[in-house]
Structure formats: structure tokens, C-alpha cells
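Colleague:
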Amino acid sequence: MQAFMDKDFLLNTPTARTLYHDVAAKCPIIDYHCHISPKEIWDDVRYENITQVWLGGDHYKWRLMRCAGVPEKYITGDASDYEKFCKWAEVVGKGIGNPLYHWSHLELRNFFGYQGALSAKTADEVWNLCNAKLQSAGYSVRGLINMSNVDTICTTDDPIDTLEWHQKLAGDKTFKTTVLPAWRPDKAMNLEKPEYLDYLAKLEAAAGMKIASFADLKKALAARMEYFAQNHCCLSDHGLNYVMYTPASGEEVEAIFAKRLNGGKVTEAEEAAFKTAFMLFVAKKYHEMHWTMQLHYGCRRDNNQPQYRKLGPDTGYDCINNYAPSSQTAAFLGALEEEGCLPQTILYSLNPNDNEAIDTICGCFQSDEAVSKVQHGSAWWFNDHFQGMTDQLVSLANLGYLAGFVGMLTDSRSFLSYPRHEYFRRILCRLLGQWVEDGMFPNDMELLSEIVRGVSYENAKKYFHFAKKEC
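In terms of our numbering, the sequence shown opens at residue 2 and continues consecutively.
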């Protein structure tokens with residue numbers, strides 16, 4: 002029997018162990034999509050206790066606690082931080098098979114040196130250990146990032162954001178991790194939302210112009226994109242229900258936008274036409290500006306409306322959406338390719354059933370502009386567990402070019418989430434090692450090491466045009 006989560010956790014062959022310990026573990030981390038706060042990095046926040054850094058805003062953990070019947074008081078309510086931690090310890094202690102069990106223990110080992118198993122029985126022991134460490138030198142936000150060997154972080158930023166914290170961090174030569182903004186214009190596109198007109202007023206203020214037409218909206222967005230580019234942004238990110246392609250004439254799109262500006266409610270068909278026009282416009286701008294376009298889709302959000310009204314979005318009430326028409330995704334990318342305006346693109350679906358469709362779509366639009374110009378994004382959200390990551394890697398290897406993959410992201414709001422990269426790398430090395438052990442690939446450690454370094458670090462550096470460090 003293998004020891005619980007020892008140094009060879011998930012590494013079931015000699016080849017896997019060599020690849021992980023000698024290659025993958027030494028590579029810096031590029032976290033090119035996350036939701037952490039650049040202000041907290043600038044302020045170098047020091048958390049009072051483990052609950053604040055571990056449970057605050059983490060809807061992954063909230064969701065598991067709700068599944069275990071924990072009252073909301075101990076999740077997002079007014080219970081003390083200690084009470085919330087104890088409830089989490091009780092739940093995760095029985096979380097067999099859930100990736101949160103592995104992530105939590107990797108975090109306890111990597112940051113706090115705890116080698117035991119968190120449960121109701123050990124809650125006080127872990128609480129006291131972690132809280133003491135959090136008050137010691139090197140355990141502020143920047144210290145946690147430094148401990149994780151993080152090279153580059155890309156946050157998630159709205160077009161109206163000032164980016165002041167990115168500007169301050171860029172000027173701070175004492176902090177070695179690069180923190181870059183990433184453009185997330187969902188609110189500018191989602192004209193069906195009740196708060197859309199209020200948002201447009203904020204975008205007008207940020208862009209310094211009146212938005213009275215779709216043409217004006219495009220000008221305002223272009224101005225803000227230029228501002229983001231001046232602040233070293235090179236990635237966009239879009240959260241979509243699905244990638245749609247419902248082309249309409251310029252006049253039709255202007256009429257739809259005017260209807261919404263005047264307080265009208267758009268139909269589903271009008272919404273699709275507007276969003277298609279919006280996405281075609283921004284994608285062409287990304288190509289012009291040499292940005293990468295990330296498209297996340299396959300999610301149905303805010304399903305529990307009573308809880309949404311109480312807690313707002315991103316609080317653990319989203320699910321996989323089975324509707325993700327590959328024909329429209331292919332048509333959208335094809336329309337951009339027809340005009341020579343297809344940017345580097347990463348496709349992610351929350352539905353694991355879309356893996357093969359994504360890989361075959363990606364294969365239609367590759368070119369020598371970049372290695373794997375159109376990428377199948379990392380298994381994310383409900384898929385970033387052992388089976389989900391393995392399935393995504395196998396599908397990409399079967400139908401695409403695994404050696405060109407840009408690797409893992411955290412998609413996280415926590416500064417303790419970087420061991421997710423370790424989890425991914427262990428699974429990657431396990432998979433490659435097993436193929437070697439089964440005689441499906443030669444035991445060429447030089448070539449295997451090159452592949453592992455690429456997927457763990459170097460491919461992302463090259464793909465996003467970040468400055469490279471050695472690993």
C-alpha cells in the first residue's frame with residue numbers, strides 16, 4: 002500500500018517519478034487565468050487566519066459544504082472564522098474522491114508543512130498550526146506567491162477597470178512575479194442583463210465618450226483595449242453560454258442596440274445576432290493587437306435564484322450546460338479565418354463531452370503562426386480533477402498535439418491555489434510515464450523532459466510572448 006499523498010503521490014511508474022521530480026517540479030508557474038485581486042498583491046495582505054485565505058470566496062468549497070448539509074451560516078453567513086473552518090475540516094475529512102481533498106492536502110503540505118489528514122479530529126491542530134505560520138515572516142500574499150515559484154499571473158479585469166494596482170506592481174522592482182491584466186468584456190456584451198444600461202454609463206465614463214450606437218460601443222471598447230495594451234495586457238477572456246454564430250447586417254445590429262438603449266427587451270434571436278457581431282469585432286481587434294482570445298463556455302449560471310438574490314453571482318450555483326453546438330463554434334472561427342483575422346484562441350468547455358469536438362475544431366484552424374495556434378484549454382472548473390484532466394490530455398493527444406499544449410491554470414480566487422499546477426503536472430507525468438511503461442512511446446528521457454517542460458511552463462511562455470526564465 003502506498004503511503005497517503007507522499008512525495009510520489011499519483012506517480013505510479015519509475016518514468017512518471019523521474020519526469021515529475023527531475024523536470025516538472027522544477028518549472029515555475031504561469032497562471033494565465035485567475036480571479037485573484039491585484040490590490041491584495043500590491044497591499045501584500047497578511048491574513049489573520051486560515052479561513053480568510055482558504056474559504057473566503059471559494060465557491061468550490063462552499064458547494065461541497067452544502068452537499069454535506071452544512072447550514073449557510075457556516076459557509077457564507079455570520080459564524081466565526083473558527084466555526085467555519087471546523088465545519089470545512091469535518092466535510093473535507095470525508096471528501097473521498099473529490100479533488101478538493103487532494104488540493105487541500107497539497108496546500109497544507111506545501112505552505113504549512115502539515116503531513117497529516119485534515120478532519121474533524123485534527124481541526125484544532127491544523128487551525129493552530131496554519132494560523133501561527135500565517136503570522137510568521139514570508140506568509141503575506143507576496144510570500145505565498147514567492148513560495149509557489151510563480152513567474153506570471155494574469156488577473157481578470159473589466160474594461161472599466163483603472164488597472165492602477167497593475168501599474169503600481171509593474172513599477173515595484175522588489176516583487177519578481179509579473180502581474181498582468183486580462184481583458185474580460187462580458188458585461189459590455191451581455192445586453193440582455195437588467196443592469197446593462199447602468200454598466201454602459203460606467204463604460205462611457207472610462208472611455209470618455211458617449212455611447213449612442215453600436216459603432217460608439219466599438220470605439221469605446223477599442224479605446225479601452227488600447228489602454229489595456231499600454232498596461233501590458235495580451236490576453237482576453239470571455240465567459241459564454243456557448244460560442245454562437247448568428248451573423249446579421251450592420252443595420253440590423255444597430256437596430257438591436259438602439260432598441261436596448263431605449264429600454265426595450267431584446268429577443269433571443271436579437272441577442273444572438275448582437276453577441277455574434279460583438280465577438281467578431283473584438284476578435285478582429287485581438288488579432289490586430291496580437292492578443293490571445295480565451296473562450297470559456299458550456300456553463301449555465303445562477304440556477305438557484307433565491308440564493309443568487311441573496312449572495313450574487315459566483316457563489317456556487319452554476320452547472321454544466323449540455324448545449325454547446327460545435328457547428329457554431331467552427332463557423333465563428335471560420336468567419337474570422339476567412340478574413341485573415343483569427344487570433345490565437347483557447348477553447349474551454351465546461352462539458353467534458355465536448356473534448357473531442359474541441360480538438361477536431363482546433364485542428365481545422367492551425368497554422369505556422371504559432372505552435373497549436375488554436376488550443377484546447379485545460380480541464381477547468383468542474384473538470385479539474387483526476388479524471389477530467391486525464392480525459393482532456395488523452396483527447397488532446399489523440400486528436401491534436403499534446404506537446405504544444407499551454408498547460409494548467411487555477412481559475413481561482415485564493416493565493417493558496419497554486420498546488421493545482423502541481424496536481425496537473427503529476428497527472429501529466431503519470432500519463433506519459435504509463436505510455437512509456439506500456440511500450441507506447443520510447444523511453445527517451447531527453448525528449449520526454451522537453452515535452453514535460455513545454456506543457457508545464459515553456460509553451461505558455463512562448464505562446465503568450467512572456468519573458469522566459471530557466472527551469
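The beta-carbon is built from N, C-alpha and C at its ideal position, and this holds for glycine as well.
1. Taking the Cβ atom as the reference point for each residue, do threonine 293 and phenylalanine 465 lie within a distance shorter than 8 Å?
2. Use the C-beta contact count for glutamine 393: other C-beta atoms within 10 angstroms, 16 or more gives buried, fewer gives exposed.
3. Report the CB separation of aspartate 82 from threonine 52 in whole angstroms; it is logged as a contact under 8 Å.
4. Would you kindly report the start and end of the unbroken alpha helix (DSSP H) that includes leucine 359?
5. Tell me whether arginine 261 sits in a helix, a strand or coil according to DSSP, three-state version.
6. So what's glutamine 329 in DSSP terms, helix, strand or just coil?
7. With distances taken between CB atoms, is the gap from leucine 222 to proline 248 smaller than 8 Å?
8. Where does glutamine 376 land, buried or exposed, given buried means 16+ other C-beta within 10 angstroms?
9. With a cut-off of 8 Å, do at least 3 Cβ pairs link the region 443-461 to the region 13-33?
10. Buried or exposed for glycine 139, going by 16 or more other Cβ atoms inside 10 Å?
11. The beta strand (DSSP E) spanning glycine 240 covers which residue range?
12. What would DSSP say about tyrosine 309, mapped onto helix, strand or coil?
13. In the DSSP assignment, find the unbroken alpha helix (DSSP H) run with cysteine 28 in it and report its ends.
14. Just to confirm before moving on: does the CB-CB distance between glycine 158 and tryptophan 184 stay below 8 Å?
15. Taking leucine 11 as the reference, which of Tyr318, Asn356, Met390, Glu271 has the closest Cα?
16. Where do the ends of the alpha helix (DSSP H) carrying leucine 56 lie?
17. By Cβ distance below 6 Å, which residues in the same chain neighbour tyrosine 402 in space, the five residues on each side in sequence not counted?
18. By Cβ distance below 8 Å, which residues in the same chain neighbour proline 314 in space, the five residues on each side in sequence not counted?
19. Can you confirm whether the region 18-28 touches the region 423-430 when touching is taken to mean that 3 or more C-beta pairs between the two stretches lie within less than 8 Å?
20. Counting Cβ pairs, one atom from each stretch, are 3 or more of them under 8 Å apart for the region 220-234 and the region 156-174?
21. Here's the rule I'm using: 16 or more other beta-carbon atoms within 10 Å means buried, otherwise exposed. How should tyrosine 102 be labelled?
22. Beta-carbon within less than 7 Å of asparagine 323's beta-carbon, same chain only, minus the 5 sequence neighbours each way: which residues are those?
23. Using C-beta distances below 6 Å, list every residue in its chain close to lysine 285, excluding the 5 sequence neighbours before and after it, in chain order.
24. Ends of the beta strand (DSSP E) at valine 395?
25. With a threshold of 8 Å on Cβ separation, who are the neighbours of lysine 85 within its own chain once the five nearest residues in sequence on each side are excluded?
26. Among the residues of its own chain, which have a CB less than 7 Å from the CB of glutamate 73, if the five just before and after it don't count?
27. Report buried or exposed for serine 137, applying the criterion of at least 16 other Cβ atoms within 10 angstroms of its Cβ.
28. Measuring from the CB of threonine 153, is there a heavy atom of the ligand COA at a distance below 7 Å?
29. Which partner residues does threonine 16 have in the DSSP bridge list?
30. Measuring alpha carbon to alpha carbon, tell me which residue in Ala325, Ser141, Glu108 is nearest glutamate 423.
31. If histidine 36 sits next to glycine 317, beta carbons under 8 Å apart, how far is it from one beta carbon to the other, in whole angstroms?
32. Round the Cβ separation of leucine 410 and histidine 167 to the nearest angstrom and send it over; I've been treating them as touching at under 8 Å.
33. Contact check, serine 328 vs phenylalanine 258 under 8 Å by CB: the rounded distance?
34. Glycine 78 to lysine 311, Cα distance in whole Å?
35. Of the residues Gln116, Pro39, Met66, which one's Cα is nearest the Cα of phenylalanine 5?
36. Look at the alpha carbon of aspartate 152 and the alpha carbon of asparagine 354, and state the distance between them as a whole number of angstroms.
Modeller: On the basis of the data shown:
1. yes
2. buried
3. 4 Å
4. Note that residue 359 is isoleucine in the sequence shown, not leucine. 356-364 is the span of the alpha helix (DSSP H), which, as asked, contains isoleucine 359.
5. helix
6. Secondary structure at glutamine 329: helix, using DSSP grouped into helix, strand and coil.
7. no
8. buried
9. yes
10. exposed
11. 236-240
12. helix
13. Per DSSP, cysteine 28 belongs to no alpha helix (DSSP H) and is neither H nor E.
14. Correcting the residue identity first, residue 158 is aspartate in this sequence and not glycine. Result yes, Cβ atoms of aspartate 158 and tryptophan 184 sit closer than 8 Å.
15. Met390
16. First-last for leucine 56: undefined, no H or E at that position.
17. Excluding residues within five positions, the ones whose Cβ falls inside 6 Å are Ser373.
18. Arg302, Asp303
19. yes
20. With the rule of 3 Cβ pairs closer than 8 Å, the region 220-234 counts as touching the region 156-174.
21. buried
22. Asn352
23. Within the same chain, Cys342 come within 6 Å of lysine 285 by CB-CB distance, once the 5 residues on both sides are set aside.
24. Here valine 395 belongs to no beta strand (DSSP E); instead the alpha helix (DSSP H) covers 387-400.
25. Thr52, Leu56, Tyr75, Ile76
26. none
27. exposed
28. The ligand COA is absent from the structure shown, which contains no ligands of any kind.
29. None, per the DSSP bridge assignment.
30. Glu108
31. So it is not a contact: roughly 14 Å between Cβ atoms.
32. In fact, because the Cβ distance is near 18 Å, the residues do not count as touching under 8 Å.
33. With 8 Å as the limit, serine 328 and phenylalanine 258 do not qualify as a contact, their Cβ atoms being about 26 Å apart.
34. 11 Å
35. Gln116
36. 33 Å
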